[in-house]
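Okay, so here's the structure we're looking at.
The following block contains the structure:
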């Protein structure tokens, strides 16, 4: 079996799309962290206000609990922008691995603009990039550029997972 995977990145990076396709490829369950937000968080973001760490704490706890229930495989699409957020998830499931979808603000902004009706307004994209703390050397995971098609992203990730020396090359 495989450890659970969190597909992470700023809003508009493709977490849900890539995560669902990866889960299908690995034949494991997929969950979108957006579905774990309490109504107050959604209302706050819809009004154009960024969440603070107090808002995120119960949300991250619920995600960590889901990961712990899927230790034998599962994929979660979640921003996981800060190291402390990833640490909170790891307290529930130490073996979680991260796939960081990386892209420039221009690339992500264009992707986000093509998502009408999503509750995260494009105006909050700058705050997401300001908050983002990339994976550190001691964190299990890979960073992959999003400027390619979904199949190429997944193939790069699956290949990298099989080749331990590739891990550092993809950060």
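Numbering (the working numbering), first residue to last: 784 to 954.
Note that the Cβ used here is the ideal one computed from N, Cα and C, for glycine as well.
According to the DSSP assignment, residue 802 belongs to the alpha helix (DSSP H) that extends over 798-809. For residue 924, the enclosing beta strand (DSSP E) has its first and last residue at 924-928.
Looking at the DSSP output, residue 860 shares a beta bridge with 790, 815. By the neighbour-count criterion, in which 16 or more other beta carbons inside 10 Å mark a residue as buried, residue 831 falls on the exposed side.
In the three-state reduction of the DSSP assignment, residue 879 falls in the coil class, being assigned neither a helical nor a strand state.
With 16 or more other Cβ atoms from the protein chains shown falling within 10 Å of its own Cβ, residue 814 counts as buried. The secondary-structure analysis by DSSP pairs residue 885 across a beta bridge with 928.
Here DSSP, grouped into helix, strand and coil, assigns residue 945 to helix. In this structure residue 866 touches residue 919 by the C-beta definition: roughly 6 Å separates them, less than 8 Å.
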